[in-house]
Amino acid sequence: DGSRKWNVLPPDLRFEKLSGDATGWGAQDCPGFMQNAVHWGGIDGPAGMLGRTFHCTFLTGSELFLESFQIRYDSSEAWYSGISSSVPNHQYDAFALGAHEFGHATGWRGHFGEENTELCKLPADPRQTMCPSTSTGSSDWRTLEEHDRHTFDNAY
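First residue of the sequence shown: 1, per the working numbering; consecutive thereafter.
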């Protein structure tokens with residue numbers, strides 16, 4: 001569900017769920033992975049990193065190409081996976097994290113706030129999807145806000 005927000009942006013980018021199961025998880029070198037996948041497993045324990053996207057790349061001459069990506073949700077966090085945007089105060093929104101991590105899957109390696117803290121200052125309304133952090137009880141990453149869309153459009 002988190003990928004759907006990116007699918008509406010130009011150019012013709014499409015994230016779609018395929019049948020089958022991609023199992024296992026490679027470190028940053030993505031050994032053996034040729035397909036995109038979303039995984040559920042441990043990262044760093046509770047109250048740490050919520051998710052991570054690895055870019056699996058290859059080099060042709062002097063150009064680096066994104067071949068595939070691997071998204072991992074930290075299974076040790078308390079997740080809310082419901083449709084409602086009323087996220088319980090003690091859980092993280094899995095849908096919102098998906099939107100954020102699929103942003104990284106497009107090739108977006110950084111975060112807002114690393115260079116512009118005004119976009120990610122709390123409380124921010126609306127809060128940009130590609131800010132570096134979120135909090136429990138929040139669905140603030142579920143939508144792509146204006147700066148998210150403009151930055152993506154300018155890159156492609």
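The C-beta atom is built at its ideal place from N, Cα and C for all residues, glycine as well.
None of these values were measured; they are calculated from a predicted model.
Distance CB(residue i)-CB(residue j) smaller than 7 Å
i           : j           : result
residue 2   : residue 98  : yes
residue 79  : residue 96  : no
residue 141 : residue 151 : no
residue 107 : residue 132 : no
residue 136 : residue 100 : no
residue 58  : residue 67  : yes
Buried or exposed by the 16-neighbour rule on C-beta atoms within 10 Å, applied to residue i
i           : result
residue 37  : buried
residue 35  : exposed
residue 105 : buried
residue 51  : buried
residue 74  : buried
residue 72  : buried
residue 157 : With the chain covering only 1 through 156, there is no way to say anything about residue 157.
residue 6   : buried
residue 148 : buried
Inter-residue spacing [alpha-carbon to alpha-carbon] between residue i and residue j
i           : j           : result
residue 102 : residue 63  : 23 Å
residue 4   : residue 70  : 17 Å
residue 145 : residue 127 : 7 Å
residue 154 : residue 46  : 36 Å
residue 88  : residue 138 : 8 Å
residue 60  : residue 76  : 38 Å
residue 28  : residue 10  : The predicted position of residue 28 is uncertain, since its pLDDT is 42 and thus under 50; a value taken from the coordinates is nonetheless stated next. Residue 28 and residue 10: Cα-Cα distance of roughly 28 Å.
residue 56  : residue 109 : 12 Å
residue 8   : residue 16  : 12 Å
residue 196 : residue 134 : Outside the displayed range of the chain (1 to 156) lies residue 196, so it cannot be described from this structure.
residue 85  : residue 143 : 11 Å
residue 111 : residue 121 : 13 Å
residue 65  : residue 43  : 26 Å
residue 118 : residue 14  : 30 Å
Per DSSP, cross-strand counterpart(s) of residue i
i          : result
residue 71 : 38, 53
residue 93 : 80
The ligand ZN heavy atom lying under 6 Å from the CB of residue i
i         : result
residue 8 : Looking for the ligand ZN in the displayed structure turns up nothing, as the structure carries no ligands at all.
Point to revise | Completely contained beta strand (DSSP E) runs for the region 38-66, where each covers 3 or more residues | key: 51-60
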